[in-house]
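Trainee: Got a structure for you, questions after.
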Amino acid sequence: MAYKNLREFVHLLEAKGLLKRITTEVSSELEITEITDRISKQVGPALLFENVKNSGFPVLINTFGSYERMEMALEVGDLDDIGERIEELLKLPNLKDKSLFGKLKLLPKLKKISDYFPKTVKNAPCQEVIDKNPSLDDLPILKCWPQDGGKFITLPLVFTKDPETDLPNVGMYRLHVHDKETTGMHWHVHKDGANNYRGYESKDKRMEVAVALGSDPATIYSATAPLPKQISEILFAGFLRKEPVKLVKGKTIDIKVPAEAEIIIEGYVEPGEQRKEGPFGDHTGYYSLADDYPVFHVTCITHRKNAIYPTTIVGKPPMEDCYMAKATERIFLPMLKVQLPEVVDMNLPLEGVFHNCAIISIDKQYQGHAQKIMNFIWGLGQMMFTKMVIVVDKDVDIQNLSETAWKVFNNVDPGRDLTIVEGPLDVLDHSSPIANYGSKLGIDATKPLPGEGHNQEWPDEIEMTEKIKELVDQRWEEYGFED
Numbered sequence: 000m001a002y003k004n005l006r007e008f009v010h011l012l013e014a015k016g017l018l019k020r021i022t023t024e025v026s027s028e029l030e031i032t033e034i035t036d037r038i039s040k041q042v043g044p045a046l047l048f049e050n051v052k053n054s055g056f057p058v059l060i061n062t063f064g065s066y067e068r069m070e071m072a073l074e075v076g077d078l079d080d081i082g083e084r085i086e087e088l089l090k091l092p093n094l095k096d097k098s099l100f101g102k103l104k105l106l107p108k109l110k111k112i113s114d115y116f117p118k119t120v121k122n123a124p125c126q127e128v129i130d131k132n133p134s135l136d137d138l139p140i141l142k143c144w145p146q147d148g149g150k151f152i153t154l155p156l157v158f159t160k161d162p163e164t165d166l167p168n169v170g171m172y173r174l175h176v177h178d179k180e181t182t183g184m185h186w187h188v189h190k191d192g193a194n195n196y197r198g199y200e201s202k203d204k205r206m207e208v209a210v211a212l213g214s215d216p217a218t219i220y221s222a223t224a225p226l227p228k229q230i231s232e233i234l235f236a237g238f239l240r241k242e243p244v245k246l247v248k249g250k251t252i253d254i255k256v257p258a259e260a261e262i263i264i265e266g267y268v269e270p271g272e273q274r275k276e277g278p279f280g281d282h283t284g285y286y287s288l289a290d291d292y293p294v295f296h297v298t299c300i301t302h303r304k305n306a307i308y309p310t311t312i313v314g315k316p317p318m319e320d321c322y323m324a325k326a327t328e329r330i331f332l333p334m335l336k337v338q339l340p341e342v343v344d345m346n347l348p349l350e351g352v353f354h355n356c357a358i359i360s361i362d363k364q365y366q367g368h369a370q371k372i373m374n375f376i377w378g379l380g381q382m383m384f385t386k387m388v389i390v391v392d393k394d395v396d397i398q399n400l401s402e403t404a405w406k407v408f409n410n411v412d413p414g415r416d417l418t419i420v421e422g423p424l425d426v427l428d429h430s431s432p433i434a435n436y437g438s439k440l441g442i443d444a445t446k447p448l449p450g451e452g453h454n455q456e457w458p459d460e461i462e463m464t465e466k467i468k469e470l471v472d473q474r475w476e477e478y479g480f481e482d
């Protein structure tokens, strides 16, 4: 059974000793961040602060801050299990087979997908308390880092709709609290939320927005997933949960939100209205600079009785968001393999913070094969932001960064193997000379093939004979070593 809501997940974490309750009074300004940062660097437990100064809401943080908790959140023994489910779903029958039998073979998979579509309910726990004269000051919103421009909502599920199609979108965009009734809306220019906003702006029309805090774990994760715009995040959450997400219509806006959420913030964004947002201590480990962003006006806050305020902090890795990124790596690898069957594995290192580095192993077949992979990655959705793509041969264990570094450092000839291109960069990239655009590096660390400019003999790797390995294995304890 899927988690009904966030608190069911919290109860399970506590039962397994993976959550710590803190009853000492703490401040939401910097103190919670310092505590959580120390715990996250130790890969410590989820934290529930029950006594937050000047607030009646407990704060839940570091919820997904380990591989184990991320696997528990998505209810799998291994994150690769989800990728295998996706891979099986992508193995559609031959669509060219127009016969009745061919169509019948397709029905079970279509039925399975239809089982994940969200269901709408009339009454919901997230609307047990309704405040149409709301104040954001009532929520224990964190000021995370000393140079932050203020308090930030950092784990929001931001619901918008396409102005042309009404297609819903859910993204995770931080909200800088300007005052008790307004926040910044930090959707990057490349994101679907920003695209929806531009559509409303072109019509000079107010845009309704809902912000959900604390849905079930799969729905929270899905808001971060790099899905094509045509695929609903809520449908994807249903796929992950193997059970549909229940939605309820907002009290003041025509947007449906997770019925089991802890807190819902309803409001709107006016076309053309902007205000300075930031700076903010970001997942790169540096402060992202202040800039102008749209303003979100709060019209209503609904919440559960005794609601929990879920949040996160980002900064120098590893942090909680790193484990969500690793889930994305494993979940979406099969989709990459459908388009690039020669891909063996992919590693997005924690130190690369989502968009700075992708390491890919391939079954190399022809000259220029690594460059094909690089160019494909730079043309693929949010992976277009990848600043460094490293390609190695299939026998390299790219989850072992030491082995990977050994191969790269030894195999690369800079004049032959480095490719530099220009294109879009992530908004948070501070190294490029201008915002949102700059250069990217491809490193071909594969063994050169004839025609790739390598004229001397390529040496064999040092390796012991199997006979001697077996002999030493048999006599290991005789040498005085423990097995």
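Take the sequence shown: its position 337, counted from the start at 1, is 336 in numbering that gives the first Met the number 0, and no numbers get skipped. Glycine included, C-beta positions come from ideal geometry on N, C-alpha and C.
With distances taken between CB atoms, is the gap from Gly-277 to Ala-289 smaller than 7 Å?
Mentor: Closer than 7 Å, so yes.
Trainee: If I measure Cβ to Cβ from Phe-384 and keep anything under 7 Å in the same chain, skipping five residues before and after, which residues do I get?
Mentor: Once the five neighbours on either side are set aside, the close Cβ partners of Phe-384 are His-354, Pro-423, Leu-424, Asp-425.
Trainee: Select from Asn-435, Val-352, Gly-249 the residue whose C-alpha is nearest the C-alpha of Gln-126.
Mentor: The shortest C-alpha separation from Gln-126 is found at Gly-249.
Trainee: Do you know offhand how far Leu-427's Cα is from Met-382's?
Mentor: Taking the straight line joining both Cα atoms gives about 14 Å.
Trainee: Evaluate the contact criterion for the segment 414-423 versus the segment 438-452: three or more CB pairs, one atom per stretch, below 8 Å.
Mentor: Short answer: they touch.
Trainee: Identify every residue that forms a DSSP beta bridge with Thr-182.
Mentor: Paired residues: Val-176, Phe-295.
Trainee: What is the DSSP secondary structure of His-354, reduced to helix, strand or coil?
Mentor: Note: His-354 maps to coil in three-state DSSP.
Trainee: Closest to Arg-240 by C-alpha separation, out of Ser-287, Leu-339, Phe-480, Glu-70, would be which residue?
Mentor: With distances taken between Cα atoms, Arg-240 lies closest to Glu-70.
Trainee: Does the segment 257-265 come close enough to the segment 286-306 to have 3 or more Cβ pairs within less than 8 Å?
Mentor: Contact between the segment 257-265 and the segment 286-306 is present, because at least three Cβ pairs lie under 8 Å.
Trainee: On a CA-only basis, which of Ser-431, Lys-255, Asp-394, Ile-81 is nearest Lys-363? Give me that one, please.
Mentor: Comparing Cα positions, the closest option is Asp-394.
Trainee: Applying the criterion that 16 or more other CB atoms from any shown protein chain within 10 Å of the CB defines a buried residue, is Phe-408 buried or exposed?
Mentor: By the 10 Å Cβ count, Phe-408 comes out exposed.
Trainee: Can you name the start and end residues of the alpha helix (DSSP H) that Arg-493 belongs to?
Mentor: Nothing about residue 493 can be read from this structure; the chain reaches only from 0 to 482.
Trainee: Compare the C-alpha of Lys-228 against each of Glu-451, Lys-121, Gly-170, Tyr-115 and name the closest.
Mentor: Ranking Glu-451, Lys-121, Gly-170, Tyr-115 by Cα distance to Lys-228 puts Gly-170 first.
Trainee: Give me the Cα-Cα distance between Leu-154 and Arg-173, rounded to the nearest whole angstrom.
Mentor: About 7 Å.
Trainee: Would Leu-156 and Ser-27 be called neighbours here (beta carbons separated by less than 7 Å)?
Mentor: No, these two residues do not count as a Cβ contact at 7 Å.
Trainee: To the nearest whole angstrom, what separates the beta carbons of Leu-73 and Ala-326, a pair I think is in contact under 8 Å?
Mentor: Rounded, the Cβ-Cβ distance is 7 Å, consistent with contact.
Trainee: State the CB to CB distance for the pair Thr-514 and Leu-246, rounded to an integer number of angstroms; the pair is presumed to be in contact (CB under 8 Å).
Mentor: Because the chain here runs from 0 to 482, residue 514 falls outside it and cannot be looked at.
Trainee: Return the chain-ordered ranges of every beta strand (DSSP E) run that is complete within the segment 368-450 and spans a minimum of 3 residues.
Mentor: Taking only runs of at least 3 residues, the beta strand (DSSP E) segments lying wholly in the segment 368-450 are 387-392, 417-423, 436-443.
Trainee: Below 7 Å CB to CB, which residues in the same chain sit around Thr-403 once its five sequence neighbours on both sides are set aside?
Mentor: Closer than 7 Å at the Cβ level, and outside the excluded window around Thr-403, lie Ile-358, Val-391, Val-395, Ile-397.
Trainee: Within the continuous beta strand (DSSP E) that includes Leu-156, where are the two ends?
Mentor: From DSSP, the beta strand (DSSP E) with Leu-156 extends over 156-160.
Trainee: For Asn-53, does the count of other Cβ atoms within 10 angstroms reach 16, so buried, or fall short, so exposed?
Mentor: That one is exposed.
Trainee: Nearest-angstrom Cα distance between Lys-121 and Thr-251?
Mentor: Answer to the nearest angstrom: the Cα atoms are 14 Å apart.
Trainee: Could you work out which residue in Ser-113, Ser-360, Asp-137 is closest to Val-51 when comparing CA atoms only?
Mentor: When each option's Cα is compared against that of Val-51, the closest is Asp-137.
Trainee: In the structure shown, what three-state DSSP assignment does Tyr-285 receive?
Mentor: Reduced to three states, the DSSP call for Tyr-285 is coil.
Trainee: Within 10 Å of its beta-carbon, does His-302 have 16 or more other beta-carbons around it, so buried, or fewer, so exposed?
Mentor: By the neighbour-count rule (16 or more Cβ atoms within 10 Å), His-302 is buried.
Trainee: Around the Cβ of Asn-195, are there at least 16 other Cβ atoms within 10 angstroms (buried) or fewer (exposed)?
Mentor: When all chains shown are included, Asn-195 counts as buried.
Trainee: So, with DSSP's three-state summary, where would you put Asp-80?
Mentor: Of the three classes helix, strand and coil, the one that applies to Asp-80 here is helix, per DSSP.
Trainee: Quick one: grab the DSSP three-state call for His-302.
Mentor: Of the three classes helix, strand and coil, the one that applies to His-302 here is strand, per DSSP.
Trainee: Leaving aside the five residues before and after Gly-16 along the sequence, list all residues of the same chain whose C-beta is less than 8 Å from its C-beta, in chain order.
Mentor: Within the same chain, Gly-16 has close Cβ partners Pro-44.
Trainee: In this structure, does DSSP put Ala-258 in helix, strand or coil?
Mentor: In this structure, Ala-258 counts as coil in the three-state DSSP scheme.
Trainee: What whole-angstrom Cβ distance do Glu-49 and Arg-20 have, given they're in contact under 8 Å?
Mentor: Going by Cβ atoms, the distance from Glu-49 to Arg-20 rounds to 6 Å, so yes, they are a contact pair.
Trainee: Alpha helix (DSSP H) containing Arg-6: first to last residue?
Mentor: Counting along the chain, the alpha helix (DSSP H) containing Arg-6 begins and ends at 5-14.
Trainee: Quick one, are the C-beta atoms of Thr-298 and Pro-257 less than 7 Å apart?
Mentor: No, the pair does not count as a contact, with Cβ atoms beyond the cut-off.
Trainee: Please classify Asp-137: does DSSP put it in a helix, a strand, or coil?
Mentor: Residue state, collapsed to three classes: helix.
Trainee: Could you name the residues that DSSP lists as bridge partners for Asn-168?
Mentor: Looking at the DSSP assignment, Asn-168 forms a beta bridge with Thr-159.
Trainee: In angstroms, rounded to a whole number, what distance separates the CA positions of Gly-314 and Glu-476?
Mentor: Spanning the two alpha carbons is a distance of roughly 46 Å.
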